[in-house]
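Visitor: Taking this note's numbering, the leading residue of the sequence shown gets 10, the next gets one more, and so forth.
Using N, Cα and C, we set each Cβ at its ideal position, and we do this for glycine too.
Computed from a predicted structure; not experimentally measured.
Got a structure here, written out as structure tokens. Questions coming.
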Amino acid sequence: MTTQENSSPKDAPERFKDLLKKAELAEKQAEQLAEDMELQDEPTRPSQIGELTVPSDVDEPTKLSSVEDVPAQTKTVLLEGEDTGGKQTLPIADYEAETAAPPSPELTPPPPLGDTPYTPPPAIDTRGMPLPPRRASSGGESSRQAVRSPRKSTHVYKTASRPNSRLDTFKKWWKRSGPGSWNWQQGMGCFLRMGVLGLFIGVVLAIIVGSIALSQYNKIARDLPDIEDLREQAAHFETTRILDREGNELYEILDPTAGRRTYVPLEEISPYLVAATVATEDSHFYSHPGYDAWAIMRAFWQNLTSEGIVSGASTITQQLTRMLVLTPEESTRRTYARKLREAILAAEITRRYSKDEILELYLNEIYYSNLAYGIEAAAQTYFGISAKNLDLAQASFLAGIPQLPAVYDVYTNRDLTLRRQEQVLVLMYQLSQEQGCIYVSNNQQDICIGPGEVATVAEEMENYQFQYRGIEMRYPHWVNYIHSLLEDLYDAQTIYRSGFTVYTTLDPGLQDAAQQIVQEQIANLAGHSVGNGALVAVRPNTGEIVAMVGSADFGNEGIQGQINMSISPRQPGSSIKPLTYLAAFEKGWTPATLIWDVRSEFPPSGDPNDPRPPYVPVNYDERFHGPVTVRYALANSYNIPAVKTLDYVGIYDNPLTSEQDGFISFARRMGITTLTRDDYGLSLTLGGGDVTLLEMTGAYAVMANGGRRIPPVAITKIEDHEKNVVYEYHPPMGEQVIRPEHAYLISSILSDNGARTPAFGPNSVLNLPFQAAAKTGTTNDFRDNWTMGYTPNIAVGVWVGNADYTPMQHTSGLTGAAPIWASFMQTAIQQLTGGNPSPFVKPAGVVERIICAVSGTEPSAWCPSQRGEYFAADQLPLPASDDLWQEILTDTWTKKLASPACDDYQKARLALNVDDPWAKKWVKTSQGKAWAKSVGFSSNVFLVPYGVCTANDSRPKLEFSSPRDNDVITSAILKIFAMADATSNFKSYRLEYGQGKDPASWEVLKEGDNPITEPSEIYAWDLSEFEAGWVTLRLYITSTEGGYAEMSVHLNIQIPTPT
């Protein structure tokens, strides 16, 4: 592979800016991935992308925070000049000139290696910065450059004058105490004696400290072998073996001399690789004494201020010291004593051996991932060429791998590995800027890197197709995962030379069963655009991972089978809902808490001030289910109740308190570490945030373990080649992260087949022959589906989908992942317990109570059905007074609850007790009315009023002056005198009558919109045609607020028959 032609000068800066941004992002992603994989390998050299010090046309060198700040003339590249034995650099042409210029030499690929003719150097200023090129004179002022005039300050500075009295005071003191006075002579004598004594003590201390330091230095230096011994030691390290829990060997990390490793001298290594390695690992390699004092001080300060070791300062020589001189145990100690010994040994190596010898050993010993030890093996492994033929693109790619070889694996993390190459290119550019091209000892010419080369080379590698070399290993995803964990415990190089025996938790019987079940189900789903699946199984009481399937087929590149989907963050769908309800339990909710599953709107972020359009969740079946308790809402995976639950809990912690009471904090407590964004919305409870299958399985294991969290573990013991135990895992008791009562309640819900029957049916695949908790999850775009579940014996998580996010066709968690989960659960329970799983044991703090099945409260007299429910003893159901059915007295005029202050227009009613504003709207719909009627309410549902009537409220004014109640009417014409008014809010009145004392219907006599403010005749009623008997006369008024008031009189009509 060769370097591409130059890009145009016009495009280079923009591509370089974009590249630098991507390199910064990749560095952050690598750090996050290292944390996710628990990789915190000590860095050999901090990669501070984005801070460039470059020449410019300003007065001082400028510290740039991003590539947008890079001036046009920023970089020099090597050009051919006159052959005088020197080297020449010229400034890059202005990339953003208004008119296009021919491609400049600075944008060509790095020059051919070898002799280069000499070109006179450019003029430089007193600080060594290149001066602008001289322009040809065409006039007296044509070559003059504008000089920026200093801006005059408008601030007036005043000099404070000292009072003469102070000067006089000083003169008097000087005369009294100055030279020649007795006090002066006495003081100076004392001062001189103290000074001599202090100097003497300082010299003695310096001699003592120096002697001790020299003695220690010599003691350490005496242990250093000569260069041939170092090579001999490098050739005799032992194989590290990885075993399963039964002692079966899964993989050998091969001895480099027996694997892919070929020693080559420095002269047969590409200068580009040397330059890239120096720029990436140790930019001052050729000038420091084996250690970088400034880097050590910086790391010491960072570690001191961070209260822990967070930064290293290792040079190439120090890395070589760790690999070949220090013992494996000593090399893993992150202590200042070890660093001191390492620095002294590195200094002694530098004193005894040349830089070329050190660099040659380092490049032949370092690990480049994928069983490539040393640069020759790496060049052959990745590119099929010799190390001496590596070009800039290939060299910059390889130089970035050794820092984290398990992370920067192009076959499993291609994008991140290529971003790492871009970081290396930017580091080479920076060093080329700082040093005026990068010095390398194995080439006559320095290596110069400009922005054009950086952008072109990075683009070239993007399109390179790496040929994967298969690794013969059993359970490759598991082996790679163990490999990454080892890099957290030990230096990246120590692992490959210490002869470790690594005992892991993997159960081969369960692993084989898991792989077979996953492969068979994925094959069955091929017609639904499903290509991949993953499974994790954990023992809840120990945290041991007994099975891990990372993909359906590790060797299938078509499904990106090398990616371990069990540790890759994906959206979990509804499988995260149990965590939401657990968080609500901590805030007082119970399995009987009532939630209204009706159309509802929410601010997308949960913030009432969110100006965006509202978020309107829908259920999977696109229906509303009215009032449901938590048990049925979670068991049937209804979305709207889950969103309301998260809205109640809160996504983030309340900033006004110190409590960590938000959902993100709760999830972190359960072991979920990937929910790190600051812009989550309420859809988070439906799977709107990425999590890993391994961490989700760990969270479900907490529920299975009675609320105690024991983090998932994969390595139980590590022995060195002499069978000494260097690491051993002892299962802890675990931290009680949730109450045992709450863990039992959630397990009771998730294992309740009757509760989930409305959505899943009575005989779903989740209904196992034994009690097991289970929860499915499906993203709304069908890109991921999950099934999580457990018994006290084992927690199992399953993911099904496609690694490249291709949507599946009509495949849910129930039809995709659940069959895998159910089959493996039965296999695991049979193997672990003989088919007799442990039951969920009810804690002493859990009690059972009878509740109203509809409302979740203690039953009232109107509750149509009852059932039992479990509660924490200190979180019992709401009393019957909070039931949905409430008999109340209302003030009909104000529509508020009646009170002694307004008891003249009261009415007893059976009202619906609803707080949810969206439920109040729903009960007025046809579906809501039908539900209300089914539970005993009239079709015209009356809701319990919000407030209580007071004396300050509007009041009606009704009066029948004549006739009076129970009057006997004998005249044919009845004049009716009445008043119909209100203190406010009057709307209309109506005079009407009905037959009998309790009329079934009413006939209107008169109505009007104007109040009758005083008792007066309002109607003359002709009763001549009425038959004798009782009638009821009613005066009815309405208010502008929807209330009403009425007054009635009963009349006995006895009109004489005409004679």
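Within its chain, find whatever has a CB closer than 7 Å to the CB of Ala862; leave out the 5 residues flanking it on each side and keep chain order.
Guide: Sequence index remark: in the sequence shown, residue 862 carries index 853 (1-based). Hits under 7 Å: Ser874, Gln875 and Arg876.
Visitor: For Gly671 versus Arg686, is the C-beta distance shorter than 9 Å?
Guide: Translated into positions along the sequence shown, residue 671 becomes position 662. Translated into positions along the sequence shown, residue 686 becomes position 677. No. Outside cutoff.
Visitor: For Tyr736 and Val558, what's the separation of their Cα atoms in angstroms?
Guide: Residue 736 sits at position 727 when you count from the first residue of the sequence shown. Residue 558 sits at position 549 when you count from the first residue of the sequence shown. Spanning the two alpha carbons is a distance of roughly 26 Å.
Visitor: Over what stretch of residues does the alpha helix (DSSP H) that includes Lys916 continue unbroken?
Guide: Working through the sequence shown from its first residue, we reach residue 916 at position 907. Where Lys916 is concerned, there is no enclosing alpha helix (DSSP H), although the beta strand (DSSP E) it sits in stretches over Gln915 to Leu921.
Visitor: Using a Cβ-Cβ cutoff of less than 7 Å, which residues in the same chain neighbour Phe969 once the five nearest sequence positions on both sides are dropped?
Guide: Working through the sequence shown from its first residue, we reach residue 969 at position 960. Taken in chain order, the residues that qualify are Ala987, Leu1044, Met1056 and Val1058.
Visitor: Do you know how far the Cα of Leu407 is from the Cα of Tyr417?
Guide: For the purposes of this step, residue 417 is taken as the residue at position 408 of the sequence shown. For the purposes of this step, residue 407 is taken as the residue at position 398 of the sequence shown. C-alpha separation (whole angstroms): 10 Å.
Visitor: Under DSSP, the beta strand (DSSP E) around Tyr512 begins and ends at which residues?
Guide: Working through the sequence shown from its first residue, we reach residue 512 at position 503. Segment Thr510 to Thr513, the beta strand (DSSP E) holding Tyr512.
Visitor: Count the C-beta pairs between the region 513-528 and the region 688-708 that are closer than 8 Å, then say yes if the count reaches three, no if not.
Guide: For the pair of segments examined, the region 513-528 was found not to touch the region 688-708: the number of CB pairs separated by less than 8 Å stays below three.
Visitor: Please state whether DSSP places Arg999 in a helix, a strand or coil.
Guide: The sequence position of residue 999 within the sequence shown is 990, counting from 1. Looking at Arg999 - three-state DSSP - the assignment turns out to be strand.
Visitor: Just checking: is the beta-carbon of Ile568 within a distance shorter than 9 Å of some beta-carbon in chain B?
Guide: Any reference to chain B falls outside this structure, which holds one protein chain only.
Visitor: So, is Pro801 buried or exposed, given that buried needs 16 or more other C-beta atoms within 10 angstroms?
Guide: In the sequence shown, counting from the first residue as 1, residue 801 sits at position 792. Buried, by the Cβ-count rule.
Visitor: I need the boundaries of the beta strand (DSSP E) containing Met988, first residue and last residue.
Guide: Here the question's residue 988 lines up with position 979 in the sequence shown. Here the beta strand (DSSP E) through Met988 covers Ile982 to Ala991.
Visitor: Is the beta carbon of Gly716 sitting closer than 9 Å to the one on Phe779?
Guide: Your numbering for residue 716 matches position 707 in the sequence shown. Your numbering for residue 779 matches position 770 in the sequence shown. No. Outside cutoff.
Visitor: Restricting to Cα atoms, I'd like to know which of Ala917, Ala535, Ala415 and Asn257 is closest to Ser493.
Guide: Position 484 of the sequence shown, counted from the start, is the residue given in the question as residue 493. The residue with the shortest Cα to Cα distance from Ser493 is Ala415.
Visitor: Is the CB-CB distance between Arg483 and Leu703 below 9 Å?
Guide: On the sequence shown, position 474 is the one that residue 483 refers to. On the sequence shown, position 694 is the one that residue 703 refers to. Contact: no.
Visitor: Of the residues Arg621, Val637, Ala535 and Ser279, which one's Cα is nearest the Cα of Asn811?
Guide: Along the sequence shown, one-based indexing puts residue 811 at 802. Measuring from the Cα of Asn811, the nearest candidate turns out to be Ala535.
Visitor: Contact between the region 727-742 and the region 836-852: three or more CB pairs below 8 Å?
Guide: no
Visitor: Does the region 991-1008 come within contact of the region 957-974, defined as at least 3 CB pairs closer than 8 Å?
Guide: yes
Visitor: For Pro848, collect the residues of the same chain with a Cβ closer than 7 Å to its Cβ; drop the 5 residues on either side in sequence, then sort them by chain order.
Guide: Within the sequence shown, numbered from 1, the residue matching residue 848 stands at position 839. Excluding residues within five positions, the ones whose Cβ falls inside 7 Å are Gln780.
Visitor: May I ask you to verify whether the region 1022-1034 touches the region 1004-1011, counting CB pairs closer than 8 Å and requiring at least 3?
Guide: no
Visitor: Can you round the beta-carbon distance between Leu275 and Leu368 to whole angstroms, since I take them to be within the 8 Å contact cut?
Guide: Within the sequence shown, numbered from 1, the residue matching residue 275 stands at position 266. Within the sequence shown, numbered from 1, the residue matching residue 368 stands at position 359. Yes, they are in contact, since the Cβ atoms of Leu275 and Leu368 sit about 6 Å apart, within 8 Å.
Visitor: With respect to the alpha helix (DSSP H) encompassing Trp940, which residues constitute its N-terminal and C-terminal limits?
Guide: Counting from 1 along the sequence shown, the entry for residue 940 is found at position 931. Looking at the DSSP string, the run of the alpha helix (DSSP H) that includes Trp940 is Ser935 to Ser943.
Visitor: What does the alpha-carbon distance come out to for the pair Ile604 and Met817?
Guide: Here residue 604 is taken as the residue at index 595 of the sequence shown, counted from 1. Here residue 817 is taken as the residue at index 808 of the sequence shown, counted from 1. When rounded, the distance between both Cα atoms is 32 Å.
Visitor: Using the three-state DSSP reduction, which class does Ile1064 fall into: helix, strand or coil?
Guide: Position 1055 of the sequence shown, counted from the start, is the residue given in the question as residue 1064. The three-state reading of DSSP puts Ile1064 in coil, since its state is none of H, G, I, E or B.
Visitor: Tell me whether Ser970 sits in a helix, a strand or coil according to DSSP, three-state version.
Guide: Position 961 of the sequence shown, counting from 1, holds the residue named residue 970. Strand, per DSSP.
Visitor: Helix, strand or coil for Pro280, going by three-state DSSP, please let me know.
Guide: Counting from 1 along the sequence shown, the entry for residue 280 is found at position 271. Of the three classes helix, strand and coil, the one that applies to Pro280 here is helix, per DSSP.
Visitor: Excluding the 5 residues preceding and the 5 following Ala356 in the sequence, name in chain order all residues of the same chain whose CB lies nearer than 7 Å to its CB.
Guide: Against the sequence shown, residue 356 aligns to sequence position 347. Contacts found: Pro298, Gly299 and Tyr300.
Visitor: According to DSSP, is Ile747 helix, strand or coil?
Guide: Counting from 1 along the sequence shown, the entry for residue 747 is found at position 738. Shown here, Ile747 sits in coil according to DSSP, grouped into three states, outside any helix or strand.
Visitor: Report the partner residues of Ala1072 according to the DSSP bridge assignment.
Guide: Here the chain comprises residues numbered 10 to 1068, so residue 1072 is not present and cannot be evaluated.
Visitor: Are at least three pairs of beta-carbons, each pair with one atom in the region 563-579 and one in the region 753-765, less than 8 Å apart?
Guide: no
Visitor: Looking at the structure shown, is Ser320 part of a helix, part of a strand, or coil, going by DSSP?
Guide: Sequence index remark: in the sequence shown, residue 320 carries index 311 (1-based). Confidence at Ser320 is low in this model, with a pLDDT of 43, below 50, so the placement of that residue should be treated as unreliable; the coordinate-derived value is given next. Coil.
Visitor: Does Gln884 pass the burial test, meaning 16 or more other C-beta atoms within 10 Å, or should it be called exposed?
Guide: The count along the sequence shown starts at 1 and reaches residue 884 at position 875. Label assigned to Gln884: buried.
Visitor: Across which residues does DSSP place Lys784 in a beta bridge pair?
Guide: Within the sequence shown, residue 784 is the residue found at index 775, counting from 1. Within the DSSP bridge table, the entry for Lys784 names Met797 as partners.
Visitor: Could you name the residues of the same chain whose beta carbon sits closer than 6 Å to that of Pro767, not counting the 5 residues immediately before and after it, in chain order?
Guide: One-based indexing of the sequence shown puts residue 767 at position 758. Counting only Cβ-Cβ distances below 6 Å, and skipping sequence neighbours, we find Asn645.
Visitor: Please list, in chain order, all residues of the same chain as Phe951 whose beta carbon is under 6 Å from its beta carbon, the five residues on each side excluded.
Guide: For the purposes of this step, residue 951 is taken as residue 942 along the sequence shown, with counting starting at 1. The residues are Arg918 and Ala920.
Visitor: In whole angstroms, what is the alpha-carbon distance linking Pro600 and Pro852?
Guide: Stepping through the sequence shown from its first residue, residue 600 is reached at position 591. Stepping through the sequence shown from its first residue, residue 852 is reached at position 843. Rounded to whole angstroms, Pro600 to Pro852 spans 16 Å at the Cα level.
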